[in-house]
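The structure under discussion appears below in the form of structure tokens.
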Amino acid sequence: MKQHFSSVWTREPRTAKSPTLSRAQIVRAALELLDAEGLDALSMRRLGAKLGSGTTSVYWHVANKNELLELVLDEVYGEFTIMDVRETTWRNAASSFAYGIREALFRHPWVMSFIGTTPAIGPNAMRMMSRLVATFDHAGFRGPDQDYAASTLMAYVMGVTAPELSWRTLRDEAGLDSNELNAAIQPALEKAAADYPELTARYREYRCMDVDTARALNFEFGLTCILDGLEARLNRAASPPSSRVGSPAEDDSAASR
């Protein structure tokens with residue numbers, strides 16, 4: 342039996358039964374619950390209580406919790422701002438976008454588990470992707486390469502930010518700041534690395550570093566490498582074949598000498 346794709350975005354929103362409750366109000370209240378208490382705290386009943394209305398009123402706007410999460414996720418996508426590439430360079434636009442995602446994920450850490458698994462076809466997601474693809478089009482990428490460049494940037498930000506979110510959760514649960522948690526973990530790290538003196542030396546070096554600053558520098562380093570790599574690919578594609586390193590012309594010349 343074939344299953345049809347279903348999304349809150351594939352049907353028209355219902356008109357509110359009551360002038361005091363709208364879809365936008367439901368989304369804002371759900372976002373507040375998720376940010377304050379996490380995914381496990383969100384239920385239709387709790388949401389209805391927060392809004393001061395019955396669960397039936399919530400179900401009038403969304404068929405189930407999955408639809409609600411689609412709406413809230415798109416609300417977060419609206420925070421993934423990207424500069425107009427016509428007013429800056431493509432690198433500046435891509436960099437500001439990456440930092441915007443990182444900060445939005447810090448504000449809404451529960452989002453990480455839904456990106457890539459929940460349909461991102463709402464208006465904010467579409468607007469974001471349109472601008473991101475336009476950025477890489479402006480840079481000089483063509484066809485599928487525009488999508489590949491966009492997904493590479495997104496994957497980098499998600500991949501680096503996910504461990505940062507886990508660290509923040511551990512830090513908050515321990516009731517410590519980042520440097521205090523790092524100091525508490527150091528003895529265990531040094532003991533585990535006892536047979537690896539080069540690692541022990543590095544761990545001791547990190548004792549004097551501010552953890553949050555180190556993580557920020559790590560993000561900037563990786564982002565710069567990603568953008569450098571994309572730019573190098575553009576430059577390589579734009580250069581004439583005879584000027585490329587390892588080109589057939591150079592290989593033939595080398596073979597004849």
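So the sequence shown is numbered by the working numbering: it starts at 342 and just counts up by one. All residues carry an ideal CB built from backbone N, CA and C; glycine is no exception. The structure displayed is predicted, hence computed values, not measured ones.
Got a sec, what are the start and stop residues for the alpha helix (DSSP H) residue i sits in?
i	result
W401	T396 to H402
A365	R364 to E378
W350	No alpha helix (DSSP H) contains W350, which DSSP labels as neither H nor E.
N523	S519 to A533
N465	P464 to A480
F560	V552 to A579
D486	P485 to A515
V426	That residue, V426, is in no alpha helix (DSSP H); it is neither H nor E in DSSP.
N405	Taken as a continuous stretch (DSSP letters only), N405 belongs to no alpha helix (DSSP H), as it is neither H nor E.
A461	It is not in any alpha helix (DSSP H) - A461 carries neither H nor E in the DSSP assignment.
R548	Looking at the DSSP string, R548 is not in any alpha helix (DSSP H), and its letter there is neither H nor E.
A390	M385 to L392
Assign residue i to one of three DSSP states: helix, strand, or coil.
i	result
S454	helix
Y440	helix
P538	helix
Between the Cα of residue i and those of the options, spot the shortest distance and give me the residue it belongs to.
i	options	result
T502	W431, A525 and L564	L564
P460	E572, T476, A578 and V349	V349
G500	V399, A377 and I442	I442
L473	D488, G484 and P464	D488
H402	R509, D569, R352 and L530	R352
E444	S580, E505, T476 and L392	E505
A579	A533, R483 and W508	R483
R545	T396, N523, C566 and A475	N523
M467	L414, M453, E428 and S436	L414
Y547	Y537, Q527, C566 and E561	Q527
R509	A535, D553 and N405	D553
Write down the C-beta distance between residue i and residue j rounded to the nearest angstrom, noting that I regard them as a contact closer than 8 Å.
i	j	result
F438	I423	4 Å
L374	S394	With 8 Å as the limit, L374 and S394 do not qualify as a contact, their Cβ atoms being about 14 Å apart.
R364	L412	7 Å
A370	K391	5 Å
L410	F455	6 Å
L530	S436	L530 to S436, Cβ: 32 Å. No contact.
- the region 492-499 in contact with the region 514-526 per 3-pair CB rule at 8 Å: Contact fails: fewer than three Cβ-Cβ distances are below 8 Å.
- Three CB pairs or more closer than 8 Å across the region 438-453 and the region 405-423: yes
- Decide if the region 429-436 is in contact with the region 384-403; the criterion is three or more beta carbon pairs, one per stretch, under 8 Å apart. no
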